[in-house]
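J.:
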Amino acid sequence: MTLLGESLVQLADYGQRVRVIGLDRSAGGYLHRMDVFRHVDLVDSDLPSGRRHDRRDALTELKRIEGQDDAEVISWGLADALIGMRSERLAVANDSMRASEHEHQKNLIRYVLSELLNNALTHAQRRGFKGKARAWTAAQYYPSTDKVRLAVADTGCGLLATLQGHAQLDSNTHFAAISAALQPRVSCNRNLGLREDTVNEGIGLTTVHRIVDRTLGDMLVLTGNAYQRRRAGGLLPNDLAWQGVAIAVELRRASLRGLRVAELLPLGDVVPPELRFE
Ligand SMILES: Nc1ncnc2c1ncn2[C@@H]1O[C@H](COP(=O)(O)OP(=O)(O)O)[C@@H](O)[C@H]1O
Ligand SMILES: [Mg+2]
């Protein structure tokens with residue numbers, strides 16, 4: 005959905021008009037609800053017209069992220085939306101055990117989102133893409149299956165561009181760049197260890213991947229002409245390629261119970277940076 009939203013904006017930027025003809029009601033209604041059709045003329049589509057009704061308690065529609073403040077607000081908002089069905093909020097308010105578990109799950113989701121959003125706002129802008137890369141997100145919580153689905157996509161330089169020349173990059177391919185980026189302590193910032201926060205420590209993607217792995221969730225990483233999903237992957241079919249990075253994550257909310265980010269952070273894998281004095 006994030007890729008579709010961006011593609012529609014690109015077409016509009018090129019002065020193209022997109023008309024979608026005869027879209028069926030259920031798929032169309034959903035995409036309309038998620039605000040994908042802002043730049044599209046719908047023709048002969050049996051969709052409800054007018055305002056989309058408010059579902060802020062279960063989803064956040066397709067959104068373009070403009071800056072760091074946006075990312076903060078959105079990751080809090082998304083975490084709230086994904087966790088906070090209204091009826092549940094009421095129940096939680098009267099039960100402190102549940103409230104703390106609720107808070108815990110929310111923090112984990114916020115962690116995943118903010119790592120992905122921060123990458124899209126910083127790394128994607130490197131290698132000549134400053135001010136050009138756009139970042140998108142969309143997310144939803146599905147109460148019936150207890151699944152949280154979220155995606156962050158950008159139109160930046162891509163993983164290979166930022167990791168070019170890195171010692172952990174096995175070959176000069178987009179596929180190798182995905183594998184490298186998911187390894188602990190691999191970052192385009194070569195001055196690891198100078199900062200205390202997790203920004204530019206090369207552990208954000210690794211930890212997100214570990215959260216997904218530990219909870220038997222699903223994660224798709226796509227960049228250039230390659231993708232990786234769970235431990236498999238390869239080239240996109242039909243010579244397709246995406247300029248930038250797109251990451252989708254699916255988690256079962258209950259599986260986050262008891263999971264501690266601190267235990268998953270790859271700090272034990274830290275190799276002290278080589279000291280150089282030249
Ligand atoms: N959206 C992105 N666009 C370009 N490169 C990215 C993106 N996300 C991650 N990367 C690359 O993958 C590396 C690892 O990301 P991450 O694990 O989050 O570590 P960190 O952000 O601390 O460097 C980054 O340093 C960067 O080289
Ligand atoms: Mg990061």
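First residue of the sequence shown: 5, per the working numbering; consecutive thereafter. Cβ coordinates follow ideal geometry from the N, Cα and C atoms, glycine included. All values derive from a computational prediction rather than experimental measurement.
Between the C-alpha atoms of S104 and Y18, what's the straight-line distance to the nearest angstrom?
T.: Within the sequence shown, residue 104 is the residue found at index 100, counting from 1. Within the sequence shown, residue 18 is the residue found at index 14, counting from 1. One C-alpha to the other measures close to 49 Å.
J.: Here's the rule I'm using: 16 or more other beta-carbon atoms within 10 Å means buried, otherwise exposed. How should L244 be labelled?
T.: Along the sequence shown, one-based indexing puts residue 244 at 240. Flag for L244 reads exposed.
J.: Distance check for T166 and A137, CA to CA, integer angstroms please.
T.: Against the sequence shown, residue 137 aligns to sequence position 133. Against the sequence shown, residue 166 aligns to sequence position 162. Inter-residue distance for A137 and T166 is about 14 Å (C-alpha atoms, whole angstroms).
J.: Since L224 is in the alpha helix (DSSP H), which residue starts that stretch and which ends it?
T.: Taking the first residue of the sequence shown as 1, we reach residue 224 at position 220. Careful: L224 lies outside any alpha helix (DSSP H), inside the beta strand (DSSP E) at D222 to G228.
J.: Which residues in the same chain as D201 place their Cβ atom closer than 8 Å to its Cβ, once the five residues preceding and following it in sequence are excluded?
T.: Here residue 201 refers to the residue found at position 197 of the sequence shown. The predicted model places D201 with a pLDDT of 48, which falls under 50 and marks its position as unreliable; any figure quoted below should be read in that light. Counting only residues of its own chain and dropping the five nearest sequence neighbours on each side, D201 has no CB closer than 8 Å to any other CB.
J.: Run the CB neighbour count on R214, radius 10 Å, all protein chains shown included, and call it buried at 16 or more, exposed below.
T.: As a working mapping, residue 214 is identified with position 210 in the sequence shown. So R214 ends up on the buried side.
J.: For G162, verify whether its CB is less than 7 Å away from any heavy atom of ligand 2.
T.: Position 158 of the sequence shown holds residue 162. False, no ligand heavy atom lies under 7 Å from that Cβ.
J.: Please confirm if the segment 258 to 269 is in contact with the segment 205 to 212, defined as three or more CB-CB distances below 8 Å between the two stretches.
T.: yes
J.: Can you grab the Cα-Cα spacing for the pair V116 / D174, in whole Å?
T.: If you number the sequence shown from 1, residue 116 lands on position 112. If you number the sequence shown from 1, residue 174 lands on position 170. Between V116 and D174, the C-alpha separation is close to 26 Å.
J.: Taking C-beta to C-beta, are R218 and L263 nearer than 8 Å?
T.: Against the sequence shown, residue 218 aligns to sequence position 214. Against the sequence shown, residue 263 aligns to sequence position 259. Taking 8 Å as the Cβ cut-off, R218 and L263 qualify as a contacting pair.
J.: Would the C-beta of N176 count as close to ligand 1, meaning under 7 Å from any of its heavy atoms?
T.: For the purposes of this step, residue 176 is taken as the residue at position 172 of the sequence shown. Result no, Cβ not under 7 Å from ligand 1.
J.: Threshold first: 3 residues or longer. Then list the beta strand (DSSP E) segments lying entirely within the segment 99 to 168, N to C.
T.: 139 to 146 and 151 to 158
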